[in-house]
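Asks: Got a structure here, written out as structure tokens. Questions coming.
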Amino acid sequence: MEEKLIHKIQRSDRPFLIAGPCSAESAEQMQNVARDIAENTHAQVLRAGIWKPRTRPDSFEGVGQIGLPWLVEAAKRNGLLSTTEMANAKHVEKILEAGVDIAWIGARTTVNPFAVQEIADALKGSGIPVMVKNPINPDLNLWIGAFERLEKAGLTDLAGIHRGFSVYNNPRYRNQPNWEIPIALKEERPDIPIICDPSHISGKRENLLPIAQKAMDLNFEGLIIETHPNPEKAWSDARQQVTPIALREMLSQLTLRRELISEDAQNKMLLMRDKISGLDDKIFELLTARMLISEEIGVFKRDNDITILQQEHWKKMIASRLHKATDLNLSEAFVREFMDALHQESIRHQTKVMNPNLGE
Ligand code: PEP
Ligand code: MN
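In the working numbering, the protein residues as written are 491 to 850.
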């Protein structure tokens, strides 16, 4: 029996690597890029979009099913597995017929339980490994729900792809990573490996490395990176694709750290963590003491008919803290957020003593 994808991922040198163009454009393009990927990187899987979900009509929507044999053959000839996106039952039928090794559900499809169910039903009995991209909106349950629909249809060889979440006009990311969501997926489903997609998170080839590095530091199992023989001329996602040589260069700059560490290192970390934990305890004790004083002030304000919010006083408090931020080796943004949170909590305590019968 064919080895499961999840086992291949677990056995692989880190990161398990998927590379290939955003879209298949021609048999020649697929062959060239597959050859260069196989020669220059340790990738095990060749990707290419055949049907492209485009945000606006009249852009390139993929070559369609004639591209399937280009992908499958280019992968086979170069010792790689093939993978592409499916978005409906028709795509599933064509993918299975063509002998694609792994199929993925795209971000715009994961959001729609009807579409995911249609795909799961069409895949029944095929046993094909499936990768599920996170939905475009930051909703962990939709992502988990897609895995569950596939599992109920008997598909158990599953992996997740973290490709970030839609944002409006964010100059930094095409899709914001919201790392807490794939981390929460790992907590809930530690059996599902996660492959990070820095191409669709960053949207720009020059920003791939820090995202890939972060994914490795979070112990994600793999990376999927859009790789094109001539990125500037790509028919889709030209800004984010890299040549196989540039991919090799980027991978060589990754620092791969281990999760499992020696007993000695673990003991040293334990000591440092204990210190941090002790300090955090003190911070919280101080916060409790501080809020008691806030309540005392609340009683005083109540007895003297003074409003809770003293705007001028608060402005001065913030300004003096921000002024000291650099000396304290803290960022201004952190000091601002911390002071705001402190103020909110303090107002809550004062409100409680001033208007005990009104609730919060
Ligand atoms: C893709 O991988 O080319 C793609 C369309 O991705 P996503 O579903 O993440 O937008
Ligand atoms: Mn793409």
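Just so you know, even glycine gets a beta-carbon here, dropped at the ideal spot from N, CA and C. None of the values given here were measured: they were computed from a predicted structure.
DSSP beta-bridge partners for R537?
Replies: T573.
Asks: Cα-Cα, which of A736, N709, S821, D647 is closest to I715?
Replies: Nearest C-alpha to I715: A736.
Asks: Is the distance from the Cβ of L741 to the Cβ of M706 below 7 angstroms?
Replies: No, these two residues do not count as a Cβ contact at 7 angstroms.
Asks: Going by C-alpha distance, which of P661, R664, I684 is nearest P672?
Replies: Checking every option, the nearest Cα to that of P672 belongs to I684.
Asks: Mind reading off the beta-carbon distance from D647 to I499? Whole number of angstroms is fine, and I expect it under 8 angstroms.
Replies: In fact, because the Cβ distance is near 10 angstroms, the residues do not count as touching under 8 angstroms.
Asks: Under 6 angstroms from any heavy atom of the ligand PEP, does the C-beta of K694 make it?
Replies: False, no ligand heavy atom lies under 6 angstroms from that Cβ.
Asks: How about C512: is its Cβ closer than 6 angstroms to a heavy atom in the ligand MN?
Replies: Yes, the ligand MN has a heavy atom inside 6 angstroms of this Cβ.
Asks: Per the contact definition of three or more C-beta pairs closer than 8 angstroms, is the region 503-523 in contact with the region 536-549?
Replies: Touching, per the Cβ criterion.
Asks: Can you find the residues in the same chain that come closer than 7 angstroms, C-beta to C-beta, to A636, ignoring five residues on each side of it along the sequence?
Replies: Excluding positions up to five away in sequence, the list reads I595, T600, V606, V622.
Asks: I need the straight-line Cα distance from S502 to L713, nearest angstrom please.
Replies: Between S502 and L713, the C-alpha separation is close to 12 angstroms.
Asks: Going by DSSP, which residues form a beta bridge with L713?
Replies: Its beta-bridge partners are L507, C686.
Asks: Just the C-alpha distance for I796 and R838, rounded to the nearest angstrom, thanks.
Replies: When rounded, the distance between both Cα atoms is 16 angstroms.
Asks: For the ligand MN, is there any heavy atom lying closer than 6 angstroms to the beta carbon of D591?
Replies: No, the Cβ of D591 stays beyond 6 angstroms of every heavy atom of the ligand MN.
Asks: Does DSSP put V523 in a helix, in a strand, or in coil?
Replies: Three-state DSSP puts V523 in a helix.
Asks: May I ask you to report which of helix, strand or coil DSSP gives I651?
Replies: Strand.
Asks: By how many angstroms is the C-alpha of I540 removed from the C-alpha of Q765?
Replies: This sequence places Lys at residue 765; Gln is not what is there. Their Cα atoms are separated by approximately 54 angstroms.
Asks: Is the closest heavy atom of the ligand PEP to the C-beta of A597 under 6 angstroms?
Replies: Yes, the Cβ of A597 comes within 6 angstroms of a heavy atom of the ligand PEP.
Asks: Could you please give me the residues that DSSP links to A593 through a beta bridge?
Replies: According to DSSP, A593 bridges with T574, V620.
Asks: Sorted by chain position, which residues of the same chain lie with C-beta nearer than 6 angstroms to N568's C-beta, five sequence neighbours on each side aside?
Replies: The residues are A524, R525, A528.
Asks: I'd like the list of long-range same chain contacts for S656, defined as Cβ closer than 7 angstroms, with 5 residues on each side in sequence excluded.
Replies: Cβ within range, chain order: I626, N627, N665.
Asks: Classify S656 as helix, strand or coil using the three-state DSSP reduction.
Replies: Here S656 sits in strand by DSSP.
Asks: Which same chain residues end up closer than 6 angstroms to F828 when comparing Cβ atoms and leaving out the 5 residues on each side of it in sequence?
Replies: Taken in chain order, the list of residues that qualify is empty.
Asks: Going by the CB atoms, is the gap between I585 and A593 shorter than 7 angstroms?
Replies: In contact: A593 and I585 (Cβ atoms closer than 7 angstroms).
Asks: How is the alpha helix (DSSP H) around G635 delimited, first residue to last?
Replies: Its alpha helix (DSSP H) spans residues 630-642.
Asks: Rounded to the nearest angstrom, what separates L571 and D548 at their Cα positions?
Replies: If you take the alpha carbons of L571 and D548, they lie about 31 angstroms apart.
Asks: Rounded to whole angstroms, how far is the Cβ of F550 from the Cβ of W669, which I believe are closer than 8 angstroms?
Replies: 31 angstroms between Cβ atoms; not a contact.
Asks: Would you tell me roughly how many angstroms separate the C-alpha atoms of V732 and N522, rounded to the nearest one?
Replies: C-alpha separation (whole angstroms): 14 angstroms.
Asks: What is the residue span of the alpha helix (DSSP H) that F550 lies within?
Replies: Premise fails: F550 is in no alpha helix (DSSP H) and is neither H nor E.
Asks: Would you report the Cα separation of Q730 and D754, rounded to the nearest angstrom?
Replies: Roughly 42 angstroms separates the two Cα atoms.
Asks: I'd like to know whether the C-beta atoms of T674 and P688 end up nearer to each other than 7 angstroms.
Replies: The sequence given here has Ala at residue 674, not Thr. No. Outside cutoff.
Asks: S767 lies in the alpha helix (DSSP H); which residues open and close that run?
Replies: Per DSSP, S767 belongs to the alpha helix (DSSP H) from 753-793.
Asks: By DSSP, does N697 sit in helix, in strand, or in coil?
Replies: N697 falls in the helix class under three-state DSSP.
Asks: With a threshold of 16 other CB atoms inside 10 Å of the CB of K542, please say whether the residue is buried or exposed.
Replies: Flag for K542 reads buried.
Asks: Measure the Cβ-Cβ separation of S752 and S784 and say whether it is below 7 angstroms.
Replies: Result no, Cβ atoms of S752 and S784 do not sit closer than 7 angstroms.
Asks: Do W560 and A517 have their beta-carbon atoms positioned less than 7 angstroms apart in this structure?
Replies: In this structure, W560 lies closer than 7 angstroms to A517 by Cβ.
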